[in-house]
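Peer 1: The following block contains the structure, expressed as structure tokens.
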Amino acid sequence: MEITRRHLLLLLPSAAVAWKYVLAGTPESAPNYKLTEHWWGMLIDIPKCIGCGSCVRACAQENEVPDGYFRTWVERYHVADWKIEKPEVESPDGGKQGFPPNEESGGKNFFVPKLCNHCADSPCTQVCPVGATFVTPDGVVLVDKKYCLGCRYCVQACPYGCRFINPKTNTAEKCTLCYHRITKGLTTACCEVCPTGARQLADLKNPKDPIHEFLRTHTVQVLKPHMATGAKVFYNGMDGSVR
Amino acid sequence: MFKDIEHLIRLALVMAIAVVAFIFVRAAVIPRSFGQYGHYRGDAIAEVAARPIAFAGHQVCEGCHTEVVDQKKLGKHVVVPCEACHGALSNHAEDPASVTPPKLDTAVVCARCHEANSAKPKTFPQVVTADHSGGIACDTCHQPHKPGIESSDKKVAEGKK
């Protein structure tokens with residue numbers, strides 16, 4: 001058959017559609033979601049956190065986190081006058097039921113929500129001997145339950161204490177940044193329920209995400225920057241005493 | 244030069260079989276998606292993403308409960324998402340007829356945020372519930388979707404002028 005100009009014009013768009021389908025990776029698993037178009041992180045606005053524990057409860061419910069273990073938790077800091085190096089930190093039941101009134105008077109008190117920092121250069125994924133934990137192309141640190149041996153190297157390696165061994169499955173578990181939600185266009189469970197907007201999901205590859213404007217105009221830190229983990233949970237207004 | 248090479252051929256044959264067997268066993272044991280994106284099983288990403296959702300998201304709630312949306316706009320709780328108080332309700336969103344959300348005890352729910360605590364931001368409205376209300380349900384006086392009492396009175400007063 002001779003290929004005429006008409007044939008070529010018909011062929012090109014269909015070839016383009018087919019190529020797009022190939023590039024999208026595994027389209028049947030997530031129809032409109034492309035791994036390469038996102039780079040997830042989170043913004044935590046400490047002056048807005050009221051320590052209500054909604055995020056901790058929502059996380060436990062959304063992800064069936066066993067009692068006594070936490071994928072996210074809230075800490076209350078008490079810094080007495082000048083003792084910035086020795087803050088008193090407490091987190092009763094991960095802050096799940098809120099916090100009792102402070103006993104100490106004076107000094108400085110505030111809440112710090114914590115979760116996996118979804119490090120770009122994460123120490124936990126580097127130590128896994130079987131390739132059961134990894135950073136996805138969209139910047140989320142996940143655990144492959146079927147591959148995890150439960151050896152606990154990653155639990156030790158995480159400088160932020162964000163991992164634990166699930167007592168039922170005996171595999172490593174951690175915050176997935178609600179991967180099952182964000183790939184469907186929803187926000188994470190903790191961000192969804194936060195009543196003051198202290199937690200906000202951020203897509204660093206989306207130029208329209210307000211995170212870029214926020215990072216430009218605010219004093220923002222990450223936890224343990226000296227460890228060069230490439231942490232992507234950004235803390236606004238964080239005191240120097242926070243560890 | 245190669246006079247008695249039968250034993251060498253035998254050895255080479257055994258090694259060739261071993262190499263082929265290794266390649267086949269390796270292909271059978273390692274999942275096909277391993278190495279798709281990196282040194283891990285690519286299918287694991289889709290498996291994690293397949294989890295069911297518990298929290299529907301306030302956009303879903305607002306699709307039906309438009310009267311609550313209008314009410315919330317009048318008060319400070321406009322920024323509070325529905326499921327912060329009402330809990331995870333994606334099963335209600337999927338089947339509104341048979342799954343009804345539980346009635347909330349405002350004495351407990353409101354105190355989670357508004358009980359006074361020195362670590363809370365100073366600008367956040369806080370009360371010591373024992374002094375403020377003596378532990379009675381908050382919705383005796385406050386409407387949770389539009390909590391301000393004075394502001395609504397002021398609006399009525401302004402309307403009369």
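If you're matching them up, the sequences are chains A and B in order. According to my numbering, the first sequence is numbered sequentially starting from 1. According to my numbering, the second sequence is numbered sequentially starting from 244. Ideal Cβ positions, reconstructed from N, Cα and C, are used throughout, including at glycine.
Beta-carbon of C59(A) versus every beta-carbon of chain B: anything under 8 Å?
Peer 2: no
Peer 1: For A198(A), I'd like the list of residues in its chain whose CB is within less than 6 Å of its CB, leaving aside the five on either flank, ordered along the chain.
Peer 2: D45, K48, C49
Peer 1: With a threshold of 8 Å between beta-carbons, can C356(B) be considered close to chain A, or not?
Peer 2: With its beta carbon less than 8 Å from one in chain A, C356(B) belongs to the interface.
Peer 1: Could you run through the segment 181 to 194 of chain A and flag, in chain order, every residue whose CB is less than 8 Å away from some CB of chain B?
Peer 2: R181, T183, K184, L186, T187, A189, E192, V193, C194
Peer 1: Report yes or no: is there a C-beta of chain B within less than 8 Å of the C-beta of Y153(A)?
Peer 2: no
Peer 1: Below 8 Å on C-beta distance, what does E326(B) contact in chain A?
Peer 2: A58, E192, V193
Peer 1: Secondary structure at Y235(A), three-state DSSP: helix, strand or coil?
Peer 2: strand
Peer 1: Checking contacts by CB at 8 Å: is E62(A) closer than that to chain B?
Peer 2: yes
Peer 1: Give every residue of the same chain whose Cβ lies closer than 8 Å to the Cβ of P227(A), excluding the five residues on either side of it in the sequence, and list them in chain order.
Peer 2: It should be noted that the sequence gives Met, not Pro, for residue 227(A). Here the set comprises P123, P159.
Peer 1: Under 8 Å between C-beta atoms, does R199(A) make it to chain B?
Peer 2: no
Peer 1: Between G318(B) and chain A, is any beta-carbon pair separated by less than 8 Å?
Peer 2: no
Peer 1: For H212(A), which residues does DSSP report across the bridge?
Peer 2: Per DSSP, none; premise fails for H212(A).
Peer 1: Quick one, which of L9(A), C59(A), A189(A), P113(A) has its alpha-carbon nearest N236(A)'s?
Peer 2: P113(A)
Peer 1: Quick check: the segment 283 to 301 of chain B against the segment 191 to 207 of chain A, are there 3 or more CB pairs under 8 Å?
Peer 2: yes
Peer 1: Roughly how many angstroms lie between the CA atoms of P324(B) and R294(B), to the nearest whole one?
Peer 2: 22 Å
Peer 1: Which chain A residues are close to K363(B), counting only those with a beta carbon under 7 Å from its beta carbon?
Peer 2: I50, G51
Peer 1: Should V22(A) go down as buried or exposed, given a rule of 16 or more other Cβ atoms within 10 Å for buried?
Peer 2: Residue placement at V22(A) is flagged as unreliable, the pLDDT there being 48, under the threshold of 50; the coordinate-derived value follows with that caveat. That one is exposed.
Peer 1: Where does V257(B) land, buried or exposed, given buried means 16+ other C-beta within 10 angstroms?
Peer 2: Burial call: exposed.
Peer 1: Just to confirm, are N109(A) and V233(A) a CB contact at a threshold of 8 Å?
Peer 2: no
Peer 1: Find the nearest neighbour of T36(A) within the set L43(A), T136(A), R181(A), judged by alpha-carbon distance.
Peer 2: Nearest neighbour of T36(A) by Cα position, chosen from L43(A), T136(A), R181(A), turns out to be T136(A).
Peer 1: Could you tell me which uninterrupted beta strand (DSSP E) segments, each at least 3 residues in length, are contained entirely in the segment 42 to 109 of chain A, listed from first to last along the chain?
Peer 2: The qualifying runs are 72 to 79, 88 to 90.
Peer 1: According to a CB-to-CB cut-off of less than 7 Å, which residues of the segment 280 to 293 of chain B neighbour chain A?
Peer 2: Y280, G281, H282, Y283, R284, A287, I288, A289, V291, A292, A293
Peer 1: By the 8 Å beta-carbon criterion, what residues does the segment 297 to 311 of chain B contribute toward chain A?
Peer 2: A297, F298, G300, H301
Peer 1: According to DSSP, is K389(B) part of a helix, a strand, or is it coil?
Peer 2: Three-state DSSP puts K389(B) in a strand.
Peer 1: Please specify which runs of the beta strand (DSSP E), each continuous and at least 3 residues long, are wholly inside the segment 128 to 200 of chain A, giving them in chain order.
Peer 2: Restricted to the segment 128 to 200 of chain A, the beta strand (DSSP E) segments that are unbroken, complete and at least 3 residues in length are 133 to 135, 141 to 143, listed in chain order.
Peer 1: For W40(A), write down the residues that DSSP places opposite it in a beta bridge.
Peer 2: D203(A)
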